[in-house]
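Number of protein chains: 4
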Amino acid sequence: MKRIDINCDMGESFGAYTLGMDVKVIKHISSANIACGYHAGDPQVMDKTVKLAKEHGVAVGAHPGYPDLVGFGRRNMDCTPDEIRDFVIYQISALNGFCRLHGIKMQHVKPHGSLYNMSVGNEAQSRAIAEAIAAVDPSLIWVALGGAQTPMVKKIAAETKIRVAFEAFPDRTYDPDGKLTSRKRPGAVIEDPEKSAEQALRMAIDGEIIAVDGSRLKMEIHTLCLHGDNPAAVEHARTIRRALEAEGIAITPLAVLLP
Amino acid sequence: MKRIDINCDMGESFGAYTLGMDVKVIKHISSANIACGYHAGDPQVMDKTVKLAKEHGVAVGAHPGYPDLVGFGRRNMDCTPDEIRDFVIYQISALNGFCRLHGIKMQHVKPHGSLYNMSVGNEAQSRAIAEAIAAVDPSLIWVALGGAQTPMVKKIAAETKIRVAFEAFPDRTYDPDGKLTSRKRPGAVIEDPEKSAEQALRMAIDGEIIAVDGSRLKMEIHTLCLHGDNPAAVEHARTIRRALEAEGIAITPLAVLLP
Amino acid sequence: MKRIDINCDMGESFGAYTLGMDVKVIKHISSANIACGYHAGDPQVMDKTVKLAKEHGVAVGAHPGYPDLVGFGRRNMDCTPDEIRDFVIYQISALNGFCRLHGIKMQHVKPHGSLYNMSVGNEAQSRAIAEAIAAVDPSLIWVALGGAQTPMVKKIAAETKIRVAFEAFPDRTYDPDGKLTSRKRPGAVIEDPEKSAEQALRMAIDGEIIAVDGSRLKMEIHTLCLHGDNPAAVEHARTIRRALEAEGIAITPLAVLLP
Amino acid sequence: MKRIDINCDMGESFGAYTLGMDVKVIKHISSANIACGYHAGDPQVMDKTVKLAKEHGVAVGAHPGYPDLVGFGRRNMDCTPDEIRDFVIYQISALNGFCRLHGIKMQHVKPHGSLYNMSVGNEAQSRAIAEAIAAVDPSLIWVALGGAQTPMVKKIAAETKIRVAFEAFPDRTYDPDGKLTSRKRPGAVIEDPEKSAEQALRMAIDGEIIAVDGSRLKMEIHTLCLHGDNPAAVEHARTIRRALEAEGIAITPLAVLLP
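Protein chains in written order, with the numbering used here: chain A, 1 to 259; chain B, 1001 to 1259; chain C, 2001 to 2259; chain D, 3001 to 3259.
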């Protein structure tokens, strides 16, 4: 039986500010990436979001970002690998406290926004993230972008002795080299839930992506990234989940999926 | 053989800003209270300070404070017990990541500044702190002010199933009711190292304090709080440590001291 | 012809976070209190909100708060009058830059949340606020709570040589001593727009409030505070404005209203 | 008679943290660049530093930086020109409040750290800074790096209708193309005060720099940047000032110097 994980960013509210439809989208996912207070989230939001995930049987992961609240962690910052390693340790560990409060084990770590994007294909930054994960808890799973950087990521994961899960984006198109098409290109984000669902199925069943030029790419994929920041995104997520289940694919948290 | 712990606040630098003479005062103490990024400290400072403590065989504790960097955690803030519990969980856990990085076990938690002061004698706030400690790791020792609030603190510690250590201040005078004399009163802070050393000896050997009116107070004391924020404070610390050792008192981390 | 100002808090979004229905509520008010980056708001939000107010012919005021973003400036903080004066100067002036960018003159200053609440009846804190206003621009109007503290506020305004406008809350009940009924008391917030509109009319036409015990209070009132944080609040605002206009009361910015 | 301005960064303390020897170095300069709360500084520090400058007859300028306190504004951040314009407006204006408090007129604006470095030769970012200055007060002088970018800066200054002053660094070496030698190259920072003083004289008297390859560069220079962050820097500043005065060069604030 085919299995795949579905992950989504959550816990991105802050103080008086609410962001994301966590309570709705959590029904459609198996792994939650929870913000840790740097680009979003605060201790009370983290507490509530871990509790919410536990109640829905959804696995919890840390979603560390740049120290840039006003920029939501989406602006590139020129941090050294040492700085990155330390602020990732800080954020993962902070979230871990709320996992302990609620008596669950943290499952994974997925960097957020520009921290994620800048690390793609960048060995020094990827290693800093992996070292942070290994330092806090080597049983944590590192979630990284699948495709072109797979060999590099696997090498770093092996060296730091942590497991890695590769993710793909059902609602994004891919270039022939296995990279995500730049968002600046029209059509890079797939708006039609049915098309996303179709791509999700191909990713989950065949480990395959059809690039923008029609070429077929084989890709190791463990988790699909969905979104929950608006009603359309939640509907999108529901459609994809339903399509996967209709094909008999089990939605399974990474910790169960990975050896 | 008599034994006592000596604790000191450390790791209060931040980014480009240096505060405290950590490298000097660490030679005189057995337990370090390390700032966790709210009132002071940042991930890189936390990393370096845990490493420094480990190198000197000094036990590491978390020193959580109010989310008020510009006020250095010294301004009262009207936070709810739930807010306090959550931001203490956050901070303790964040520091815990650096203990793991350096392969040591965290020993204790001592709140900072106004978080410490406002909790003295306040059952709801003290309970919030104790619950945070118990949630993260029930083997952590809670450091609380000795004296008048001892029964309340012991009751909360018993209920939350954590150990507590009481601290006293060799360089502060006490009122007859066992409370610290207000800093607004002249002479409340003892400037003469010899007098502080004398009071430290009485605290360590007899568990006794002579209040400002000359009355003798019995007090359960496990740790003495010293300071390292300027050269005079370091000299003060050196004098007190020397006086204790001259009387054959062993300077011992709390985890060894407490049953 | 009777005239009154209507003010509302605005520009409380921050980075990726949206708060308040500014675009809707602005149609119903004459003065906008714009957050200045401490409890809410950021430079881009301030820019857009000043622009929005200008486009609607609504007067702009600064809405300074405590330096407590995660607490939205609603938690009491124990700041000294000097600290308050300086961070109010900072925030007013920062907003002033965006008034210059858009070629308008700032009209007023209304403190936010706990900074507002803690200053009510507190001479030292009120004076700190007034001194900040006078330092930045003595032609700015200080918006303060009307009622019990009116004489104290007038005295401080006279001494610091600034004008003051008193505000009242159509959607809040009042105690017989002219203070707002505590929000902890049931019914302290009036949910029914018609009842609020009725109270608004009494405030605007008669300068009168009927307290919770039925007694009549005379009160100097220049501006009514409405809200725009949710659809019900906007509807509330619309109802009140309509009721005022139906009675022939002109909705007029403070700068026009005050001598 | 030859005249030149000497500028120095100041007011970079924050809360409990002290940075820089402002009280000592202020005796040797004519223009102070005061931090505005983003990379350093807080309202109380800004208040005190403007007061200090006024007492010493030193002209006050704003020293806006990236919103990155822990990185001290030294890390590149990928901000849009709109973001830059708005946060520069915010910071300049905030400092302006303290100039009003102390009854002085702000003289100039000099960006800090990476905001300064990233704007060198970058037209979009330089224009964002110039537009911010022009919006707040077109009589403010923009301080920019002299040398290679002079024509670009002059063009932008002309378009935004503000004055510009070019600065040079007596304690840095220059490449033949008029750019500062990278700090990564050994010798890029001149440690010997006498050599700096020699270069300062050449800059002030001849408007000339001898590049690392021995070639002579003509450069329009209005202000020399000195430092005050440690005792050696202050001694360096003293030596340079003395050398300039010994040659009969008048140390003159920019507002007097520029037409």
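Note that the Cβ used here is the ideal one computed from N, Cα and C, for glycine as well.
Sequence-distant residues of its chain with Cβ nearer than 6 Å to residue i (five each side left out)
i: A:Arg202; result: Glu208
i: D:Leu3217; result: Gly3178, Ile3209, Ala3211
Cutoff 8 Å: residue i Cβ touching any chain D Cβ
i: B:Tyr1116; result: no
i: C:Ile2092; result: yes
i: C:Asp2022; result: no
i: C:Asn2140; result: The amino acid at residue 2140 of chain C is misidentified as Asn; the sequence shows Leu. False, the Cβ-Cβ gap to chain D never drops below 8 Å.
i: A:Arg75; result: yes
i: C:Asp2086; result: yes
Beta carbon proximity, residue i to chain C, threshold 8 Å
i: A:Phe72; result: yes
i: D:Ala3135; result: yes
Chain B within 8 Å of residue i, Cβ atoms only
i: D:Tyr3017; result: yes
i: D:Asp3042; result: yes
i: C:Asn2122; result: no
i: A:Glu83; result: yes
i: A:Asp78; result: no
i: A:Gly47; result: Here residue 47 of chain A turns out to be Asp, not Gly, going by the sequence shown. Yes - at least one Cβ of chain B is within 8 Å of the one on A:Asp47.
i: A:Asp9; result: no
Per DSSP, the bridge partner or partners of residue i
i: C:Val2060; result: C:Ala2032
i: A:Phe166; result: A:Ala144
i: D:Ile3106; result: Here the sequence assigns Met to residue 3106 of chain D, which means Ile is not the residue at that position. Its beta-bridge partners do not exist; DSSP assigns none.
i: B:Leu1180; result: B:Tyr1174
i: A:Met77; result: D:Met3077
i: D:Ile3251; result: D:Ile3004
Beta-carbon neighbours of residue i, restricted to chain A and to distances below 7 Å
i: C:Thr2069; result: Looking at the sequence itself, residue 2069 of chain C is Leu, so the reference to Thr does not match. Gly15, listed in chain order.
i: B:Ile1104; result: What B:Ile1104 touches in chain A: nothing, since even the nearest Cβ is about 12 Å away.
i: D:Cys3036; result: Result: empty, since nearest Cβ-Cβ is about 16 Å, beyond 7 Å.
Listed by chain order, chain D residues near residue i by CB distance under 7 Å
i: C:Asn2096; result: Ser3093
Residue i: contacting residues in chain B (beta-carbon distance under 8 Å)
i: A:Leu101; result: Ile1089, Ala1135, Val1136
Neighbouring residues, chain C, relative to residue i (Cβ below 7 Å)
i: D:Gly3065; result: Neighbours of D:Gly3065 on chain C: none; closest Cβ ~13 Å, over 7 Å.
i: B:Arg1242; result: By Cβ distance, chain C contributes nothing, its closest Cβ being about 38 Å from B:Arg1242, past 7 Å.
Cross-chain neighbours of residue i in chain D, by beta carbon under 9 Å
i: C:Glu2055; result: Result: empty, since nearest Cβ-Cβ is about 18 Å, beyond 9 Å.
Same chain, Cβ closer than 7 Å to residue i, neighbours up to 5 away in sequence not counted
i: D:Ala3148; result: Gly3121, Asp3177, Gly3178, Lys3179
i: B:Asp1175; result: Thr1181, Ala1211, Val1212
i: C:Gly2146; result: Phe2166, Glu2167, Ala2168, Met2219, Glu2220, Ile2221
i: D:Val3060; result: Ala3032, Ile3034, Val3050, Ala3053, Cys3099, Ile3104, Met3106, Gln3107
Other residues of its chain near residue i: CB distance less than 8 Å, five sequence neighbours each side excluded
i: D:Arg3172; result: Leu3180, Thr3181, Ala3188, Val3189, Ile3190
i: A:Ser196; result: Pro170, Asp171, Ile190, His236, Thr239, Ile240
i: C:Pro2081; result: Ala2124, Gln2125, Arg2127, Ala2128
i: D:Leu3258; result: Ile3141, Arg3163, Ala3165, His3222
i: C:Met2046; result: Gly2011, Ile2034, Ala2035, Cys2036, Gly2037, Ala2094, Leu2095, Phe2098
i: D:Gly3113; result: His3039, Gly3065, Tyr3066, Phe3072, Gly3073, Arg3074
Neighbour flag for residue i against chain F, beta carbons, 8 Å
i: D:Asp3177; result: Considering every chain present, this structure includes no chain F. Its protein chains are A, B, C and D.
**Segments of 3+ residues assigned as beta strand (DSSP E) that fall wholly inside the segment 3187 to 3246 of chain D** = Listed in chain order, they are 3208 to 3210, 3216 to 3218, 3223 to 3226.
**Runs of beta strand (DSSP E) wholly within the segment 3 to 56 of chain A (minimum 3 residues, chain order)** = The segment 3 to 56 of chain A contains these whole beta strand (DSSP E) runs: 3 to 10, 31 to 35.
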